[in-house]
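For the sequence shown, the working numbering gives the first residue as 64, with consecutive numbering after it.
In this text, a Cβ means the ideal position worked out from N, Cα and C, and glycines have one as well.
Below: one structure, written as structure tokens.
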Amino acid sequence: MPILAILFIGLSIQVFADTGSAPPDPTAKFGTAANPDKPHAADHILVRLAPGAAPDADFSPVFGRWHRAPVQPGETAQQALYRLAALPQVEKVELDYIIQLGPAPANKAPDRMRELAWGYEPNDEYFSDQWNFYDVLAPEAWKRGWDGAGVTVAVLDTGVWPGPDLDCRTFVDAVKIISGTVTTGMGAVRDDNGHGTHVTGTIAECTDNGFRDAGLAYNATIMPIKALDQDGWGYWSDIAQGIDWASSHGADILNMSLGAQCDAGFPDCSVDIINDAIDDATDAGVLIIASAGNDSSNYVEFPANHPDVLAVGAADIMLDPAPYTNYGPDLFITAPGGNVLEDLNSDLLPDGIEQETRLPGDFDWYSWFFDGTSMAAPHVSGAAAMLISAFPDASAADIRDALMNSVMDRGAPGKDDDFGYGFLQIDDAFCQLSGSECTDILLNGDFEGADGWQFDSSKGVPESAYSIDQAVTGEQSMYFGMNPPVLTLGKGQVDPDAGILSPDAGYHHRIYQDIQVPADVDDVFVDFWYMPCTEDTSIDRDWQRFWVYDPNDPNNENLRKTYMQVLENDCVWKHLTFKINKNYKGRTLRLNFSVHNNSKTASPTWMYLDRGRLITYTYQPTPTPPET
Numbered sequence: 064m065p066i067l068a069i070l071f072i073g074l075s076i077q078v079f080a081d082t083g084s085a086p087p088d089p090t091a092k093f094g095t096a097a098n099p100d101k102p103h104a105a106d107h108i109l110v111r112l113a114p115g116a117a118p119d120a121d122f123s124p125v126f127g128r129w130h131r132a133p134v135q136p137g138e139t140a141q142q143a144l145y146r147l148a149a150l151p152q153v154e155k156v157e158l159d160y161i162i163q164l165g166p167a168p169a170n171k172a173p174d175r176m177r178e179l180a181w182g183y184e185p186n187d188e189y190f191s192d193q194w195n196f197y198d199v200l201a202p203e204a205w206k207r208g209w210d211g212a213g214v215t216v217a218v219l220d221t222g223v224w225p226g227p228d229l230d231c232r233t234f235v236d237a238v239k240i241i242s243g244t245v246t247t248g249m250g251a252v253r254d255d256n257g258h259g260t261h262v263t264g265t266i267a268e269c270t271d272n273g274f275r276d277a278g279l280a281y282n283a284t285i286m287p288i289k290a291l292d293q294d295g296w297g298y299w300s301d302i303a304q305g306i307d308w309a310s311s312h313g314a315d316i317l318n319m320s321l322g323a324q325c326d327a328g329f330p331d332c333s334v335d336i337i338n339d340a341i342d343d344a345t346d347a348g349v350l351i352i353a354s355a356g357n358d359s360s361n362y363v364e365f366p367a368n369h370p371d372v373l374a375v376g377a378a379d380i381m382l383d384p385a386p387y388t389n390y391g392p393d394l395f396i397t398a399p400g401g402n403v404l405e406d407l408n409s410d411l412l413p414d415g416i417e418q419e420t421r422l423p424g425d426f427d428w429y430s431w432f433f434d435g436t437s438m439a440a441p442h443v444s445g446a447a448a449m450l451i452s453a454f455p456d457a458s459a460a461d462i463r464d465a466l467m468n469s470v471m472d473r474g475a476p477g478k479d480d481d482f483g484y485g486f487l488q489i490d491d492a493f494c495q496l497s498g499s500e501c502t503d504i505l506l507n508g509d510f511e512g513a514d515g516w517q518f519d520s521s522k523g524v525p526e527s528a529y530s531i532d533q534a535v536t537g538e539q540s541m542y543f544g545m546n547p548p549v550l551t552l553g554k555g556q557v558d559p560d561a562g563i564l565s566p567d568a569g570y571h572h573r574i575y576q577d578i579q580v581p582a583d584v585d586d587v588f589v590d591f592w593y594m595p596c597t598e599d600t601s602i603d604r605d606w607q608r609f610w611v612y613d614p615n616d617p618n619n620e621n622l623r624k625t626y627m628q629v630l631e632n633d634c635v636w637k638h639l640t641f642k643i644n645k646n647y648k649g650r651t652l653r654l655n656f657s658v659h660n661n662s663k664t665a666s667p668t669w670m671y672l673d674r675g676r677l678i679t680y681t682y683q684p685t686p687t688p689p690e691t
């Protein structure tokens with residue numbers, strides 16, 4: 064979420080009961096968060112009534128047994144806590160703290176020509192620049208035909224203002240809850256900030272319509288809940304009422320790209336009215352997803368730290384934790400949040416998350432690059448919507464487990480404070496829910512040992528090497544090609560023992576593996592992560608390449624295919640997926656990766672490779688996958 068003002072710090076209140084005849088201590092009824100120095104409502108406090116108790120006439124309902132109680136003339140909110148805590152029908156009292164979104168780091172996206180990317184993609188103008196969707200394996204999941212149809216996602220935020228790339232969406236049960244006043248309808252939830260519209264775009268922007276950007280669950284239904292005003296301000300009671308609205312109006316998923324900074328874990332850093340709302344929504348089957356916060360803190364913000372909420376941290380384009388993201392033991396998962404201050408892939412665009420929105424002062428809608436855990440959370444919400452649309456009988460716990468068990472394990476093995484369980488991988492989550500449908504038959508695709516792969520190269524150069532300085536998962540990746548740091552010889556010289564070449568030596572490196580493809584599978588896909596680097600500028604000279612053929616068939620021209628031949632200098636990890644010719648079923652498939660350095664360029668080219676997979680799919684009768 065965009066940088067959040069420090070407005071709330073949870074402090075536990077220790078109460079020491081007197082077993083004598085002294086009257087009950089009213090602070091025993093104080094909520095977990097009791098800090099009058101933090102911004103809060105001055106004209107009312109929050110009370111939770113005992114079961115069966117009737118509210119006073121001047122109380123106004125929030126949800127359930129929670130009410131807003133007015134502060135009396137000449138009384139402070141803190142004094143009202145003591146006064147109302149003394150009433151026998153009152154079970155809990157707390158201040159109604161204020162939450163505020165900070166300024167969103169943002170860059171307007173320039174108009175530009177559409178560029179085609181390798182592999183499957185929709186036809187939206189700027190989709191090839193949405194690196195975040197490639198990295199979470201969204202195109203692979205779209206290829207299955209699952210798009211969020213039939214799923215309702217509630218977005219509790221600054222509202223939604225559908226522009227030309229959101230007007231295809233279906234919106235239901237739109238509501239504005241500001242300072243306890245409830246107004247319904249799309250006119251009421253018009254986003255006067257821009258944050259909520261951008262978040263909604265990541266979840267469900269119109270896709271494959273030839274315009275601007277794509278969204279993940281692009282046929283999902285959106286339930287807009289505006290509980291933050293133009294400045295991103297709101298009361299916790301409005302947030303609680305919004306959570307209750309989502310659960311009582313049938314939302315499947317609730318996205319909250321908001322939160323308050325913590326200096327402790329849950330429950331010490333929490334608000335009771337929100338805890339109760341989350342408990343009720345979870346009991347109703349709502350999957351709740353929230354941003355971890357942008358404080359660079361080892362405490363996840365509230366309410367993301369609640370055990371029934373999926374706390375989402377942010378990764379940059381290198382799949383590393385973004386410099387602003389919060390971390391810690393309450394972090395559940397990591398997804399793309401970006402960094403608008405970087406351009407690590409050298410595409411002359413910020414490495415942020417691009418979606419359509421309209422900011423205050425704009426006269427029209429534009430594509431904007433935002434960053435933050437606010438941008439990471441809707442990736443998980445969109446992923447969950449896609450999963451529910453594919454598996455409508457799955458429970459919220461099933462979806463949570465599928466997301467958890469399908470991540471790319473970054474950082475320390477298993478769950479860790481930096482990534483949670485790992486980095487979101489949508490298509491792999493489908494495999495988790497479909498059981499035996501998906502099988503990886505590639506040996507040692509993570510390059511963590513010497514098994515599986517064979518090597519060759521020209522000019523007597525030593526074989527490609529395992530690298531420990533770059534890796535997507537595990538400890539190492541495969542490096543091959545010519546790297547500038549080893550260019551120490553004179554022109555045209557080669558030292559086979561040291562593996563050092565001059566820039567104009569001219570050679571290639573190739574790694575390959577032969578796999579027997581089962582005959583009874585429905586589809587075969589290969590996917591891999593690669594980091595291409597070069598100092599060459601002539602695309603007809605050097606290259607990075609991936610191709611396949613059958614080594615046992617001398618007449619395999621109909622099966623030989625080059626899926627990628629590029630000369631790229633992103634020097635960032637990139638993900639690609641390709642569908643392999645069905646004629647390979649029951650045959651031997653040789654996967655080839657190579658780097659070629661042409662002797663005429665005198666410029667080095669190299670590449671890293673990691674997390675390669677050859678996945679076979681055997682589709683179940685229900686649900687039926689789309690024709691490909």
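Simplified DSSP assignment, three categories, for residue i
| i | result |
| --- | --- |
| V557 | Annotation note: pLDDT 38 at V557 (below 50); position unreliable, coordinate value reported separately. Reduced to three states, the DSSP call for V557 is strand. |
| A722 | There is simply no residue 722 to check, as the chain begins at 64 and stops at 691 in what is shown. |
| T265 | helix |
| L112 | strand |
| S497 | coil |
| G211 | coil |
| I380 | coil |
| V363 | coil |
| D464 | helix |
| R146 | helix |
| A251 | coil |
| Q152 | coil |
| H103 | strand |
| L552 | Note on L552: pLDDT 35, under 50, position unreliable in the model; the coordinate value appears next. Three-state DSSP puts L552 in coil, outside helix and strand. |
| P287 | strand |
| A323 | strand |
| W181 | A caution first: W181 carries a pLDDT of 34, below 50, which makes its placement in the model too unreliable to give a value. |
| W129 | strand |
| I341 | helix |
| T436 | helix |
| D616 | coil |
Whole-number beta carbon distance between residue j and residue i, since they are thought to touch under 8 Å
| i | j | result |
| --- | --- | --- |
| P399 | D198 | 6 Å |
| L394 | V363 | 6 Å |
| F609 | F656 | 5 Å |
| V611 | R653 | 6 Å |
| H107 | R128 | Contact doesn't hold; Cβ gap of about 16 Å is too wide. |
| V580 | R650 | 6 Å |
| D187 | F329 | Not a contact, Cβ separation roughly 39 Å. |
Boundaries of the beta strand (DSSP E) in which residue i is found, first to last residue
| i | result |
| --- | --- |
| K645 | Neither: K645 is in no beta strand (DSSP E) and is coded neither H nor E. |
| I240 | V238 to I241 |
| N318 | I316 to M319 |
| W592 | D586 to T597 |
| T95 | Run containing T95: none; DSSP gives neither H nor E here. |
| I352 | L350 to S354 |
For residue i, the residue or residues it bridges with in DSSP
| i | result |
| --- | --- |
| E419 | S430 |
| N655 | Y575 and W610 |
| G544 | W669 |
| W296 | Q163 |
| L404 | Answer by DSSP bridge pairing: none, since L404 is not bridged. |
| Q517 | Y575 |
| L219 | I288 |
| P399 | A378 |
| E157 | L109 |
| D532 | Beta-bridge pairing links D532 to no other residue. |
Limits of the alpha helix (DSSP H) - the one that residue i falls within
| i | result |
| --- | --- |
| P202 | A201 to K206 |
| N195 | W194 to D198 |
| A120 | No alpha helix (DSSP H) holds A120; DSSP gives it neither H nor E. |
Any chain B beta carbon closer than 8 Å to residue i
| i | result |
| --- | --- |
| P413 | As a matter of chain content, chain B is missing from the structure shown, which is built from one protein chain. |
Are the region 111 to 124 and the region 147 to 156 touching by the rule of at least three beta carbon pairs closer than 8 Å?
Yes, they touch.
Does the pairing of the region 244 to 256 with the region 309 to 321 give three or more beta-carbon distances under 8 Å?
Segments in contact, no.
Does the region 219 to 232 touch the region 415 to 430, meaning 3 or more C-beta pairs lie closer than 8 Å?
Judged by Cβ distances under 8 Å, the region 415 to 430 makes contact with the region 219 to 232, as three or more pairs qualify.
Within the chosen definition, does the region 253 to 260 reach the region 217 to 225 through at least 3 CB pairs nearer than 8 Å?
Cβ pair count under 8 Å is three or more, so yes.
Taking one C-beta from the region 471 to 481 and one from the region 428 to 436 each time, how about it: are there three or more such pairs within less than 8 Å?
Inter-segment contact for the region 471 to 481 and the region 428 to 436 is absent: fewer than three beta-carbon pairs are separated by less than 8 Å.
At least three beta-carbon pairs within less than 8 Å, the region 531 to 547 to the region 618 to 635
As far as the Cβ criterion goes, the region 531 to 547 does not touch the region 618 to 635, which means the pair count is below three.
Contact between the region 440 to 459 and the region 488 to 502 is defined here as three or more beta-carbon pairs at a separation below 8 Å; is this criterion met?
Touching, yes, given that three or more Cβ pairs across the two stretches are closer than 8 Å.
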